[in-house]
Amino acid sequence: MYHSIRPGKYWYDTDGNLIQAHAGSIIYVDGKYYWYGENKSGVTGRATGSVCPIWHRGVQLYSSNDLYNWKNEGTLMVEYEDENHPFYVGRIMDRPHILYNEKTKKFVLWAKIGGLLSKKEGFGNAYFAVCESECITGPFHLVNRVKGIPVGDFDLIPCDDKVYVIFEKPHTEMMCMELNDSYTDVASKMSSHLPKPFPPFTREAPAFFEYQGERYLLTSGTTGYFPNKSILYKLPSFHGEWIEIGDPCEGDVHHNSFHAQFSSVFRHPFRKDLYIALGDRWLNDLPPQMPSPDEIFERGCNPEKRATLELYDPADYTDENTSMATYVWLPICFNEDGEPYIVWRDEWQVEDYGQEEMRNV
Numbered sequence: 364m365y366h367s368i369r370p371g372k373y374w375y376d377t378d379g380n381l382i383q384a385h386a387g388s389i390i391y392v393d394g395k396y397y398w399y400g401e402n403k404s405g406v407t408g409r410a411t412g413s414v415c416p417i418w419h420r421g422v423q424l425y426s427s428n429d430l431y432n433w434k435n436e437g438t439l440m441v442e443y444e445d446e447n448h449p450f451y452v453g454r455i456m457d458r459p460h461i462l463y464n465e466k467t468k469k470f471v472l473w474a475k476i477g478g479l480l481s482k483k484e485g486f487g488n489a490y491f492a493v494c495e496s497e498c499i500t501g502p503f504h505l506v507n508r509v510k511g512i513p514v515g516d517f518d519l520i521p522c523d524d525k526v527y528v529i530f531e532k533p534h535t536e537m538m539c540m541e542l543n544d545s546y547t548d549v550a551s552k553m554s555s556h557l558p559k560p561f562p563p564f565t566r567e568a569p570a571f572f573e574y575q576g577e578r579y580l581l582t583s584g585t586t587g588y589f590p591n592k593s594i595l596y597k598l599p600s601f602h603g604e605w606i607e608i609g610d611p612c613e614g615d616v617h618h619n620s621f622h623a624q625f626s627s628v629f630r631h632p633f634r635k636d637l638y639i640a641l642g643d644r645w646l647n648d649l650p651p652q653m654p655s656p657d658e659i660f661e662r663g664c665n666p667e668k669r670a671t672l673e674l675y676d677p678a679d680y681t682d683e684n685t686s687m688a689t690y691v692w693l694p695i696c697f698n699e700d701g702e703p704y705i706v707w708r709d710e711w712q713v714e715d716y717g718q719e720e721m722r723n724v
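Using this note's numbering, read the sequence shown as starting at 364 and increasing by one per residue.
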């Protein structure tokens, strides 16, 4: 039984199995925490000597009363054997996000869907798959495929009586769109933000949170599963200018977000000012001699070199065995001016952060 959060350590569920909820998020429902994410069980990369033909095993769900000990609640969206289905095991499926719609009384799940691994299709025709369920524990059913807009990593954001989706337009910029009333499709209004020339500068993995009336977006550089530095932005408006604040990870000497990539920020429902940055340490086998992400960013300033990780063979550095990826959960702190920052903790407890308060949750 766990009594704390230990970033970067292997984390087992109450049955003694490694938790498989990668690039995940947490939703609080009826007095329980539910953690969901990509099930990477059996996704071995090159660890077995040949490239793994599968990307995922569906969207997995876990429940907890304390954020430390997690019970496996099963698969929300199972893997499919039909290669035309969005949740086909050999198709890229990333970053599931769930919202509850008070009007329809349904839970709505969005996931980023890419191409077939066997055809090396990547994200050229990526789209959103939208699923619904009347219960957080499922089953969820596919209700829409939002196509026509190239999509990458994203976050769903309820704010100001609207819901927004902020997503990466692969390798170019960030986009912001509003959802319709059922949360099953996008509405017409769209805006473009943070244009970048190419990876690794392109921002991805957006994670939104709001603190004392200010809106923030935590982002990652685009370097595949390799870790890189985070950049935080302030969002005075969703469709207006976004202001860069800088790297929020204090003391991060390797400039790689503490060897992780954050996928979402969870605001604790009854501890005031406790925000948790949820991240994944995707690669646990990187050698110290590999090029540093910070160096790659600096060299990328030279258009003639365009120093992305594509210049390096990933097989030289990692097996990309994502089934063994660990989780890096860290509390977001705030300085005297209310600006967010993140520091490393070898081990920490929820009770040490924020002030306890009861809310109608």
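Backbone N, C-alpha and C define an ideal beta-carbon position, used for all residues, glycine too.
- Take G421, set aside five residues on each side of it, and the residues of its chain with a beta-carbon closer than 6 angstroms to its own are N402, T438, M440, V441, E442, in chain order.
- If you look at E536, you'll find it in the beta strand (DSSP E) that goes 536 to 542.
- For R662, the uninterrupted alpha helix (DSSP H) segment begins and ends at 656 to 662.
- Rounded to whole angstroms, the separation of the alpha carbons of Y365 and M456 is 30 angstroms.
- Shown here, D715 sits in a helix according to DSSP, grouped into three states.
- Residue pairing for P703: DSSP places it in a beta bridge opposite F697.
- In terms of Cβ geometry, T377 and W433 form a close pair [threshold 9 angstroms].
- Taken atom to atom, the span from the alpha-carbon of D544 to that of K510 is near 18 angstroms.
- S426: member of the beta strand (DSSP E) spanning 422 to 427, first to last residue.
- Membership of G609 in the beta strand (DSSP E) is indicated by the continuous run 606 to 609.
- Taking 9 angstroms as the cut-off, the beta carbon of I368 is found closer than this to the beta carbon of Q712.
- Here the alpha carbon of F697 sits roughly 17 angstroms from the alpha carbon of A570.
- Residue pairing by DSSP puts R508 in a beta bridge opposite A492.
- Distance from the CA atom of K532 to the CA atom of Y399, rounded to whole angstroms, is 24 angstroms.
- A direct Cα-to-Cα measurement between H631 and D523 gives close to 20 angstroms.
- G408 and P416 have their C-alpha atoms some 8 angstroms from each other.
- Within the stretch 446 to 470, the complete beta strand (DSSP E) segments of 3 residues or longer fall at 454 to 464, listed in chain order.
- Under the three-state reduction of DSSP, L480 is assigned to helix.
- Taking the C-beta atoms as reference points, R458 is found nearer than 9 angstroms to S626.
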